[in-house]
Every structure is written in C-alpha cells, then in structure tokens.
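Just add 436 to wherever you are in the sequence shown, counting from 1, and you've got our numbering. Here the structure is laid out as structure tokens; the discussion comes afterwards.
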Amino acid sequence: MNIAFESNVLRNANALKTNVVMPDSTPHPLSKERIEEIKKREQAATPKPWWSGHLHNGEHPCNCPYILDEGYMGGIAEVYVDNGKCVGEGGNDAPPLAEAQANQLFIAHARQDIPDLLAELDHRQEQTRQVLQGLLNTEAHPNDDFGMIKAWFDDAIRAAAQQLGLTLD
Ligand SMILES: [Zn+2]
Numbered sequence: 437m438n439i440a441f442e443s444n445v446l447r448n449a450n451a452l453k454t455n456v457v458m459p460d461s462t463p464h465p466l467s468k469e470r471i472e473e474i475k476k477r478e479q480a481a482t483p484k485p486w487w488s489g490h491l492h493n494g495e496h497p498c499n500c501p502y503i504l505d506e507g508y509m510g511g512i513a514e515v516y517v518d519n520g521k522c523v524g525e526g527g528n529d530a531p532p533l534a535e536a537q538a539n540q541l542f543i544a545h546a547r548q549d550i551p552d553l554l555a556e557l558d559h560r561q562e563q564t565r566q567v568l569q570g571l572l573n574t575e576a577h578p579n580d581d582f583g584m585i586k587a588w589f590d591d592a593i594r595a596a597a598q599q600l601g602l603t604l605d
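Spelled out as structure tokens, the structure:
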C-alpha cells in the first residue's frame, strides 16, 4: 500500500468513525428503563381492543363519553366535557367538547397504538442490529487493502452498535 493511499484511507476511516458515532446531544425520551416501564403498564392494563363511545362522533345522536371493552359492562374510562358553567356556579372545569372528543379517541386507540409502537421499536432495533452484524460479518482478507480498511470499518460498526445499545456477535 503506497503512502498517499494509506493516508487517504486513514483520513477516510477517521471521518467514517466521526460520522457514525456522533456526539449524542439529542434528548432520549425513551431510555431502556422507561421502555420497560411502558411495557409493564401496557401488559397490566385491560386487554385490547378498546372502543371509543359515541361522544367523538358529532353525527351520532348518542353522546356516550365512555371508553369500552368487551369484558366490562361499565367500561374502562369516561372522558369529561365542559358543562358550560363557571367553576363558581357549578362548572366542572373539564375540556371543551372538541378536546374531549379527541381525548376519547386518544385513550381508546392508545390500547392498540402503544403496543404497536413498542413492537415497531423492537422491530427497528433488530433490523438495525442485523444490518450492522451483516457489515461486521463481511469477510475481508487480512493481507489485502480491503482487509486493512475493514478493521477500521469494524471499529466504526462496533462503536455505532454500542451507541445504539445493540449487542453484536
Ligand atoms: Zn353511545
């Protein structure tokens, strides 16, 4: 390997690692611990599906404010709607109708949305792990130029996996 080529390769390898392992300044709303907490809450709650009552459907004559499931006659939850009065005159200080309608849909759909989001998160983590593992497993002969570059690539791949909290073989 000639010296000019080698220094080019080294520069690129360093750039590679810098680009792959960026300083991680973005906030992480979902630590591993928090994901586990969310999974536990999801698994302990009344099984899906949940349905929203009719309040969210402005066209429907019934305005039931409930979140329902197939097991409990009384339902899972109830959303509250502003009763139009001041608090001092018996007002309930509840959300206005449009917001209460949105709340009803949000709560009912969360029963499916949250497990779906958790499953998608797992799926993407595993896909990322497999891609990085595939790159790592790509064979290079240790004595040729690619073999030398490959070692630097592997460094970057392992660093990226570590940053993503992924375990490679
Ligand atoms: Zn109804």
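Where a beta carbon is used, it is the ideal one built from N, C-alpha and C, also for glycine.
**Asked** Is the segment 492–508 close to the segment 535–548, with three or more CB pairs under 8 Å?
**Response** Counting Cβ pairs under 8 Å, three or more are found: they touch.
**Asked** Around the Cβ of I439, are there at least 16 other Cβ atoms within 10 angstroms (buried) or fewer (exposed)?
**Response** With fewer than 16 Cβ atoms within 10 Å of its Cβ, I439 is classed as exposed.
Rounded to a whole number of angstroms, what is the C-alpha to C-alpha distance between M509 and E473? In this model, M509 and E473 are separated by some 29 Å (Cα to Cα).
For I593, list the residues DSSP reports as bridge partners. Checking the DSSP bridge columns, you'll see I593 has no partner listed.
**Prompt:** Looking only at DSSP bridge pairs, what is A513 linked to?
**Reply:** Paired residue(s): I503.
Inset, instruction - Compute the beta-carbon to beta-carbon distance between L604 and A597, rounded to the nearest angstrom, for a pair I have assumed lies under 8 Å. - result: Contact flag correct, Cβ pair sits at about 5 Å.
Regarding C500 and ligand 1, is the C-beta to nearest heavy atom distance less than 6 Å? Result yes, Cβ under 6 Å from ligand 1.
**OP:** Compute the beta-carbon to beta-carbon distance between W486 and D505, rounded to the nearest angstrom, for a pair I have assumed lies under 8 Å.
**Re:** For a cut-off of 8 Å, the C-beta gap from W486 to D505 is around 5 Å, short enough to register as a contact.
Quiz item: When the Cα of A451 is compared with those of A481, E442, A592, T482, which residue comes out closest?
Solution: Measuring from the Cα of A451, the nearest candidate turns out to be A592.
- How would you write the range of the beta strand (DSSP E) that S467 sits in, first residue to last? For S467, there is no enclosing beta strand (DSSP E), as DSSP marks it with neither H nor E.
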